[in-house]
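Below is one structure, written out as structure tokens, with a few remarks after it.
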Amino acid sequence: SEGYRGLGDGLALRSVESPEDVERVAAFDALIHGEGTEPTWRSWMTEHPAAQQATWLLIEEEASRRVVASLCLLPWRLHYQGVELRAGEMGVVGTLEEYRGRGLQRALNARFSELLREGGFDLSHIQGIPYFYRQFGYEYAAPLEAWWRLHPSAVPDAPDGEGLTCRRATPDDLPALTRLYDEAARALDLAALRDEATWRYLLGPGLRTETGAETWVVAGQDGEVAGYVRIAEHGFGEGLIVAETSLLSAGAALAALQLFKRLAAERGKPYIRLNLPASSALVQVARGLGAYDGHAYAWQVRLPDPAALLRKIAPALERRLAASMFAGLTRTLHIDMYRAALLLELDHGRLARVEARPPRGPSDVRLPPQLLAPLVLGYRSFGELAAWYPDVSGDGLARALVEVLFPKMDAFLYQQY
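Take the position in the sequence shown, starting the count at 1, then add 5; the result is the number in the numbering used here.
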């Protein structure tokens, strides 16, 4: 059995291997995450183009084969200012109540870490409950579940003047949707990548899942697709949830907002909620109409191998250096993370070497290890972290260099499942 390991007390950990396993894990996950959700977990295991049953983990009673805990690794592809990264989302985590407090999630996390390493993943992210996942090295490091809230009555009824209309997307729109999504993702500093196969899933089987969303295109008078939006079927809050947008002109954004106003009235939704980047045209236009920020949650992120990640994003780091007062710099930068350290060797503006080192050597800047993720992913600047945490420090040019290497970033991860 793949990944099998006995845990004692009649329990064993292994991967999903058979159709019977799929059904047992789907039923267990529905027990934990909500009655009627089995089709979602079954679809993610069997229909999603990135589905890998070997990355769905379960702990079972060996005698009865009853599933008592599980989680999964959902593969994502991200771009970090043009550098492609592999991310493994920890998802669908659960333990039966009578088995909690016995270290089962710790055992699952150990196997999950092996899967990250075996799969060459650069980072791991989770939507999870507050605080719990800090024990496994996760820290809040990217926006999640934005809450831009707009009352439908604030949207003007007048036509936008550009002759734009909105209609449900069809499979014929796939080439346009794929192109428009890619343009929107590339406009962000950190975003998820999506191929046409994933789009096919989202327009088909994905509609029957808990994360399903309607896709609407904004079209001109000639029928040409000018953009698209996606409206979640389920989610937090009672409003109409707009879960994704392409790049839109101001007129297209207004046409989309008028669509949301109509749908909110038809569906009895008291407000429009934009779960979107603050930089998007929809949020910008909505703010002009009185939308306010109800504050976002955040993805929790762990960096399995920080040195390897920094080596991989070297092209982005070198571009930042070249555009700064440190262009052409040659020096070493020692980052002390108390339990470990990193040495960055810069040679005429190139990142020539990144090396993991033991702590307590020479240091130019210091920060706790879990704060590296929000710094590297541009969620918090070094100055913001230093203002909140007395154990974040750095002096002079070294601090200025870190601010250049790791600036705040425009990040948003649209759902891929």
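Beta carbons are placed, not taken as given, at the ideal position from N, Cα and C, and that holds for glycine.
- Around the Cβ of S285, a 10 Å sphere holds 16 or more other Cβ atoms; the residue is buried.
- Residue pairing of G93 in beta bridges, as defined by DSSP: P80, S129.
- Taking 3 residues as the shortest admissible run, the region 240 to 297 contains the following complete beta strand (DSSP E) segments, listed from N- to C-terminal end: 245 to 250, 277 to 279.
- Distance from the CA atom of H300 to the CA atom of W153, rounded to whole angstroms, is 8 Å.
- Short of 7 Å from the beta carbon of R336, and not among the five residues preceding or following it, lie these beta carbons of its own chain, in chain order: L351.
- In the three-state reduction of the DSSP assignment, S48 falls in the helix class, which pools H, G and I.
- The alpha-carbon separation between P412 and G15 amounts to approximately 50 Å.
- With a cutoff of 8 Å on beta-carbon distance, V288 and L315 are scored as not near each other.
- With a cutoff of 8 Å on beta-carbon distance, L245 and R213 are scored as not near each other.
- Looking at the DSSP output, E360 bridges to L348.
- If one requires a minimum length of 4 residues, the alpha helix (DSSP H) runs lying completely within the region 370 to 419 are 377 to 381, 387 to 393, 401 to 410, in chain order.
- Taking a contact as a CB-CB distance under 8 Å, the pair L253 and V223 counts as one, their CB atoms being some 7 Å apart.
- Excluding residues up to 5 positions away in sequence, P157, G244, L245, P275, Y276, I277 lie with their Cβ nearer than 8 Å to the Cβ of A269 in the same chain.
- Less than 8 Å divides the Cβ of R173 from the Cβ of W221.
- Three or more Cβ pairs drawn from the region 111 to 121 and the region 74 to 89 lie within less than 8 Å of each other, which places the two stretches in contact.
- Close CB contacts of L185 within its chain, under the 8 Å cut and outside five residues either way in sequence, are with V230, G232, Y233, S251, L252 (chain order).
- Here the region 122 to 132 makes no contact with the region 101 to 111; the two share fewer than three CB pairs at distances below 8 Å.
- Using a Cβ-Cβ distance cut-off of 8 Å, the region 59 to 74 and the region 390 to 406 are not in contact, since fewer than three pairs of beta carbons, one from each stretch, lie closer than that value.
- The beta carbon of V98 sits closer than 6 Å to the beta carbons of L76 from its chain, once the five residues preceding and following it are set aside; these are given in chain order.
- Looking at the backbone, the Cα of F33 and that of S23 are separated by about 15 Å.
- Taken through DSSP and simplified to helix, strand or coil, E28 comes out as helix.
- No residue range can be given for T214, since it is assigned to no beta strand (DSSP E) and is classified by DSSP as neither H nor E.
- The region 398 to 418 and the region 362 to 376 touch, with no fewer than 3 CB-CB distances between them shorter than 8 Å.
- In this chain, the alpha helix (DSSP H) harbouring T203 covers 201 to 208.
- In the DSSP assignment, T337 falls within the beta strand (DSSP E) that extends over 336 to 341.
- Residue pairing by DSSP leaves V21 without any beta bridge partner.
- Collapsing the DSSP output to three states places P148 in a strand.
- When M342, W46, L410, A35 are compared, the shortest CA-CA separation from A332 is found for L410.
- Separation of the CB atoms of L90 and T100 is rounded to 30 Å, and the pair is thereby denied contact status at 8 Å.
- When the five nearest sequence neighbours on each side are left out, the beta carbons in the same chain lying within less than 7 Å of the beta carbon of L377 are those of L308, P311, M342, in order along the chain.
- Between the C-alpha atoms of S329 and L18 there is a straight-line separation of about 50 Å.
- In this structure, L149 sits away from W49, with a CB-CB distance that is not shorter than 8 Å.
- Rounded to the nearest whole angstrom, the CA to CA distance from L83 to L198 is 5 Å.
- For Y186, the enclosing alpha helix (DSSP H) covers residues 179 to 192.
- The C-beta separation of L356 from A319 comes to about 4 Å, placing the pair in contact by the 8 Å criterion.
- Between P367 and Y145, the gap from beta carbon to beta carbon reaches 8 Å or more.
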